[in-house]
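Enquirer:
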Amino acid sequence: MASSVAPAVTFFFFSSLALCLGFSAAQQVPAMYVFGDSLVDVGNNNYLKVSLAKADFPHNGVDYPGGKPTGRFSNGKNAADFLGISIKLDTNSLCLCIVLSDLMTCLAAEKVGIPTSPPYLSMVSKAKSNKRTASFVAGVSFASGGAGIFNGTDERYRQSLTLTQQAGYYSTVYESLVQQLGTGAAHEHLAKSVFAIVIGSNDILGYFKAGSKSNLPKEGTPQQFVDSMISTFRQLLKKLHGLGARKYVITGIGAVGCCPSQRKQNKTGDCNEEANFWATKYNEGLKSMLQGLKSELKDINYSYLDTYSIFHDFIQNPATYGFTELKAACCGLGNLNADVPCIPISTYCSNRNDHLFWDLYHPTEKAARIMVDTVFNGSNVKDLIAA
Ligand SMILES: *[C@@H]1O[C@H](CO)[C@@H](O)[C@H](O)[C@H]1NC(C)=O
Ligand SMILES: *[C@@H]1O[C@H](CO)[C@@H](O)[C@H](O)[C@H]1NC(C)=O
Ligand SMILES: *[C@@H]1O[C@H](CO)[C@@H](O)[C@H](O)[C@H]1NC(C)=O
Ligand SMILES: *[C@@H]1O[C@H](CO)[C@@H](O)[C@H](O)[C@H]1NC(C)=O
């Protein structure tokens, strides 16, 4: 079978390569700089020795090209990959990928010409072993499983790159771009680049975790906690702005109370409505913070991606998306497969396209793909890129 499909695959592969390269000159987004948590970690945590938030072992990656674990908390690709594809495709609208509107062909194109921003720690490590300096002109990802807006959020995972650390690494990247391109060109480059940030779920989950001893500002009310998340995030965005960032793609928090780890704490297997409620409160606050920031800084543009609504729709109308299992994780052990995370001794399901969740916290590749596609359609990212 492989030999009979090979010529066709090869043909499409090369023709899409040619077309994508042909139009890449017109690409308006030169790079994507990614910040965030395990929803978009593409391998930074593989380099953190004592972190408990790791996915560089089976059965993660069973559906990733090659079937290997990469550090993504997913059976395949994650939201960072799909965000990359969507942003690049929007700027290459004549690319054959869209004409075929075939994900597999797009993935092939992605592998050759439009890659996901690579993990910062892998770039630094490779550059060191090759005795070269890393170039960050094509983008880089600082996202790290377990990370939150607050430093204390990752304590239960022992080690992650907190958002503060991610911003610290970005300032190193900024210096390196200035050295490489000169100040003017570096600023021009960064002003066209997209800064994608997916963060906050771990802070909310940490706040509502019973008996959690993490070093979080938990003494206040949930409203104060959420307000503090937003003001801390605001400071971070201003810091990135001071280092050349102008175009932001920022996601809200999804229905975190519905992930298997939360459902299993409810006898009826229902969602933790309190966590969901405060996730929506955070999202409302985030939206108005972004509006305020734009009127203060004037020279920024942003897209807010409403992941909560699509998540909610998955649960309300699962048949529309072909989901039949909303509660249990695909990979894990115990109640809702959420007593044990997705580790090598865990079992995993064969019908992964029927499942909303891959493991106790993270969506399946299919859910991540639909989520990104849908929030893209409902957003102004196209205008953001064109601006
Ligand atoms: C995190 O810790 C660093 C170093 O102690 C500190 O500079 C930073 O302000 C802290 N960030 C937050 C969000 O508390
Ligand atoms: C369990 O789910 C039910 C139904 O949504 C809800 O009323 C109840 O508050 C939940 N319990 C907890 C502990 O979240
Ligand atoms: C923001 O986007 C609008 C169009 O949506 C554009 O007119 C404006 O110039 C952009 N501002 C910046 C600072 O890029
Ligand atoms: C997004 O919009 C395009 C064009 O309007 C449509 O073809 C596609 O099905 C939409 N995708 C989703 C996930 O809504």
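Throughout the sequence shown, residue numbering follows mature numbering (1 follows the signal peptide of the UniProt record, and there is no 0), covering -26 to -1, 1 to 361 in sequence. Glycine included, C-beta positions come from ideal geometry on N, C-alpha and C.
On the DSSP letters alone, give me the boundaries of the alpha helix (DSSP H) that Y94 sits inside.
Expert: Counting from one through the sequence shown, the residue named residue 94 turns up at place 120. Here the alpha helix (DSSP H) through Y94 covers Y94 to S103.
Enquirer: Can you list every residue whose CB sits closer than 5 Å to some heavy atom of ligand 1, going in chain order?
Expert: N125, T138 and T206
Enquirer: Can you tell which of T321, V172 and A160 has the C-alpha that lies nearest to the C-alpha of C304?
Expert: Residue numbering aside, residue 304 sits at position 330 when the sequence shown is read from its first letter. Checked all of T321, V172 and A160; the closest Cα to C304 is T321.
Enquirer: Where are the alpha helix (DSSP H) runs, 4 residues long or more, that stay fully inside the region 135 to 216, in chain order?
Expert: 137 to 155, 157 to 166, 175 to 181 and 196 to 216
Enquirer: Determine whether the beta carbon atoms of G174 and G122 lie at a separation below 9 Å.
Expert: Position 200 of the sequence shown holds residue 174. Position 148 of the sequence shown holds residue 122. In this structure, G122 lies closer than 9 Å to G174 by Cβ.
Enquirer: Could you name the residues of the same chain whose beta carbon sits closer than 6 Å to that of V36, not counting the 5 residues immediately before and after it, in chain order?
Expert: Numbered from 1 along the sequence shown, position 62 holds the residue referred to as residue 36. Closer than 6 Å at Cβ, skipping near neighbours: N49.
Enquirer: So for P318, helix, strand or coil by DSSP?
Expert: Translated into the one-based positions of the sequence shown, residue 318 becomes position 344. Of the three classes helix, strand and coil, the one that applies to P318 here is coil, per DSSP.
Enquirer: Could you tell me whether any non-hydrogen atom of ligand 2 is closer than 8 Å to the CB of N309?
Expert: As a first step, residue 309 is located in the sequence shown; it is residue number 335 there, counting from the start. Every heavy atom of ligand 2 is 8 Å or more from the Cβ of N309, so no.
Enquirer: Suppose contacts are defined by Cβ-Cβ distances below 9 Å. Is A29 in contact with G119 by that definition?
Expert: The sequence position of residue 29 within the sequence shown is 55, counting from 1. The sequence position of residue 119 within the sequence shown is 145, counting from 1. Going by C-beta atoms, A29 is nearer than 9 Å to G119.
Enquirer: If we ignore side chains and look at the alpha-carbon of each, how far apart do Q153 and N311 end up?
Expert: In the sequence shown, the residue the question calls residue 153 occupies position 179. In the sequence shown, the residue the question calls residue 311 occupies position 337. Near 49 Å, if we compare the C-alpha coordinates of N311 and Q153.
Enquirer: Count the other CB atoms, across all protein chains shown, that sit within 10 Å of the CB of L358; report buried if there are 16 or more and exposed otherwise.
Expert: Counting from 1 along the sequence shown, the entry for residue 358 is found at position 384. It is buried - the Cβ of L358 has at least 16 other Cβ atoms within 10 Å.
Enquirer: If you follow the beta strand (DSSP E) that N250 is part of, which residue opens it and which one closes it?
Expert: Taking the sequence shown and counting its residues from 1, the one referred to as residue 250 is at position 276. Note, N250: premise wrong, no beta strand (DSSP E); alpha helix (DSSP H) at E247 to L271.
Enquirer: Less than 9 Å separating the beta-carbons of L179 and Q139?
Expert: One-based indexing of the sequence shown puts residue 179 at position 205. One-based indexing of the sequence shown puts residue 139 at position 165. The answer is no: Cβ separation not under 9 Å.
Enquirer: Which one of Y295, S353, D15 and A360 has the shortest CA to CA distance from V172?
Expert: For the purposes of this step, residue 172 is taken as residue 198 along the sequence shown, with counting starting at 1. Residue D15 is the option with its Cα nearest to V172.
Enquirer: Closest by CA to S145, which one among K100, T127 and K213?
Expert: On the sequence shown, residue 145 is found 171 positions in, with the first residue counted as 1. Residue K213 is the option with its Cα nearest to S145.
Enquirer: Measuring only the C-alpha atoms, how far is A165 from A219?
Expert: Locating residue 165 in the sequence shown gives position 191, counting from the first residue. Locating residue 219 in the sequence shown gives position 245, counting from the first residue. If you take the alpha carbons of A165 and A219, they lie about 6 Å apart.
Enquirer: Excluding sequence positions up to five away, which residues of its chain have a Cβ less than 7 Å from the Cβ of K42?
Expert: On the sequence shown, residue 42 is found 68 positions in, with the first residue counted as 1. Around K42: G35.
Enquirer: Does K241 come out as helix, strand or coil in the three-state DSSP assignment?
Expert: As a first step, residue 241 is located in the sequence shown; it is residue number 267 there, counting from the start. The answer is coil: DSSP assigns K241 none of H, G, I, E or B.
Enquirer: Are there any heavy atoms of ligand 2 lying less than 8 Å away from the beta-carbon of K241, as far as the coordinates show?
Expert: For the purposes of this step, residue 241 is identified with residue 267 of the sequence shown, where counting begins at 1. Yes, the Cβ of K241 comes within 8 Å of a heavy atom of ligand 2.
Enquirer: Where do the N-terminal and C-terminal ends of the beta strand (DSSP E) with T294 fall, by residue?
Expert: Looking up residue 294 in the sequence shown gives position 320. Premise fails: T294 lies in the alpha helix (DSSP H), P292 to Y295, not in any beta strand (DSSP E).
Enquirer: How is the beta strand (DSSP E) around F9 delimited, first residue to last?
Expert: Sequence index remark: in the sequence shown, residue 9 carries index 35 (1-based). M6 to G10 is the span of the beta strand (DSSP E), which, as asked, contains F9.
Enquirer: In the DSSP output, what is A303 paired with across the bridge?
Expert: Taking the sequence shown and counting its residues from 1, the one referred to as residue 303 is at position 329. Looking at the DSSP assignment, A303 forms a beta bridge with F331.
Enquirer: Using DSSP's beta-bridge definition, name the partner residues of T225.
Expert: Here residue 225 corresponds to residue number 251 of the sequence shown, with the count starting at 1. Its beta-bridge partners are L279.
Enquirer: Assign P337 to one of three DSSP states: helix, strand, or coil.
Expert: Sequence index remark: in the sequence shown, residue 337 carries index 363 (1-based). For P337, the secondary structure class from DSSP, reduced to helix, strand or coil, is strand.
Enquirer: With a CB to CB cut of under 6 Å and the five nearest residues on each side skipped, what residues in its chain are close to S103?
Expert: On the sequence shown, residue 103 is found 129 positions in, with the first residue counted as 1. Taken in chain order, the list of residues that qualify is empty.
Enquirer: Alpha helix (DSSP H) containing V355: first to last residue?
Expert: The sequence position of residue 355 within the sequence shown is 381, counting from 1. Counting along the chain, the alpha helix (DSSP H) containing V355 begins and ends at V355 to A360.
Enquirer: DSSP puts V114 in a beta bridge; with which residues?
Expert: In the sequence shown, the residue the question calls residue 114 occupies position 140. Beta-bridge pairing links V114 to Y7.
Enquirer: Quick check: does the Cβ of C233 come within less than 8 Å of any heavy atom belonging to ligand 2?
Expert: By 1-based counting over the sequence shown, the position of residue 233 is 259. No, the beta carbon of C233 sits no closer than 8 Å to any heavy atom of ligand 2.
Enquirer: Tell me which same chain residues have a C-beta within less than 6 Å of the C-beta of N246, skipping the five on either side of it?
Expert: Taking the first residue of the sequence shown as 1, we reach residue 246 at position 272. Contacts found: G231 and Q236.
Enquirer: Which whole-angstrom value is the C-beta distance of F31 and I274, which I expect to be below 8 Å?
Expert: Position 57 of the sequence shown, counted from the first residue, corresponds to residue 31. Position 300 of the sequence shown, counted from the first residue, corresponds to residue 274. In this structure F31 is not in contact with I274, their Cβ atoms being roughly 40 Å apart against a cut-off of 8 Å.
Enquirer: Please classify A249 as buried or exposed, where buried requires at least 16 other C-beta atoms within 10 Å of its C-beta.
Expert: The sequence position of residue 249 within the sequence shown is 275, counting from 1. Looking at its Cβ environment, which holds 16 or more other Cβ atoms inside 10 Å, A249 is buried.
Enquirer: If we count the other Cβ atoms within 10 Å of its Cβ and call it buried at 16 or more, is T107 buried or exposed?
Expert: The residue given as residue 107 occupies position 133 in the sequence shown. It counts as exposed.
Enquirer: Does C232 come out as helix, strand or coil in the three-state DSSP assignment?
Expert: The residue you call residue 232 lines up with position 258 of the sequence shown. In the structure shown, C232 sits in a helix (DSSP, three-state: H, G or I).
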